[in-house]
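In the numbering used here, the protein residues as written are 21 to 268.
Below you can see the structure in the form of structure tokens.
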């Protein structure tokens, strides 16, 4: 049991585990090693995690907390939380209790590095989970590391699985080929294009252009008269096909 107003300083490279419920009002400082919290610190004392130290667990801290080191787990904070070191959050699934949530009654001051690890298979498109749940959000993480196709918003604490939805829809909606009946060339308009293939109607590629431009002119003078398919491959692996007619 921690006595009221006694300051606690965790030193050394080992791990100190705090469980149970305490009304400790003194300061709590982790200068090295790991402070694992599975209980509740219900006093008003502030907590500080120094650079090189780790705070982890599933417990709660009522007092204002500053993490200059590493934060891991599903912790609850009853006042403001300042993140200035490294925050590691793990998603093992997208249902409740399958992913880490940092809950903050007050304001979270984002900073430092956020690392998000997803160990689950890809969810339904546009799935979101709230990894940092706070009353208010200030600033942004300097560095955010997420798996491909996931985005994290520092202003809301939400992780989103994005592939195949908005980006693909924008690619398809903004893609244009004109004229569709031409004598010599066509114009390609679109965003996030990686390559364009001209195929005959049996699926053979007769011309291919790698381009990242939003406007591309393709000369078809060397091709024989007839119908062709223009296949645009986008950066997110989505595809759009438009049929054209070459008349000479």
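All residues carry an ideal CB built from backbone N, CA and C; glycine is no exception.
Drop a sphere of 10 angstroms on the beta-carbon of residue 201, count the other beta-carbons inside from all chains shown, and report buried for 16 or more, exposed for fewer.
-> Residue 201 is exposed by the Cβ-count criterion.
Closest by CA to residue 178, which one among 51, 237, 111, 213?
-> Of the residues 51, 237, 111, 213, the one whose Cα lies closest to the Cα of residue 178 is 111.
Can you tell me the Cα-Cα spacing of residue 106 and residue 165, whole angstroms?
-> Each residue's Cα considered, the two are about 11 Å apart.
What does residue 42 pair with, by DSSP beta-bridge criteria?
-> Residue 42 pairs with 61.
Does the stretch 161-175 come close enough to the stretch 203-212 to have 3 or more Cβ pairs within less than 8 Å?
-> Result no; under three Cβ-Cβ pairs closer than 8 Å.
Limits of the unbroken beta strand (DSSP E) element including residue 181 | Looking at the DSSP string, the run of the beta strand (DSSP E) that includes residue 181 is 178-181.
Compare the beta carbon distance of residue 157 and residue 130 with 8 Å and say whether it is the shorter of the two.
-> Inclusion of residue 157 and residue 130 in the CB contact set at 8 Å is warranted, their separation being smaller than that value.
Residue from 132, 227, 259, 162 with nearest C-alpha to residue 241 = That would be 227, whose Cα lies nearest to the Cα of residue 241.
Based on Cα-Cα distance, which residue from 103, 252, 43, 34 lies nearest to residue 154?
-> Of the candidates 103, 252, 43, 34, the one whose C-alpha sits nearest the C-alpha of residue 154 is 103.
Below 6 Å CB to CB, which residues in the same chain sit around residue 84 once its five sequence neighbours on both sides are set aside?
-> These residues qualify, in order along the chain: 66, 99, 100.
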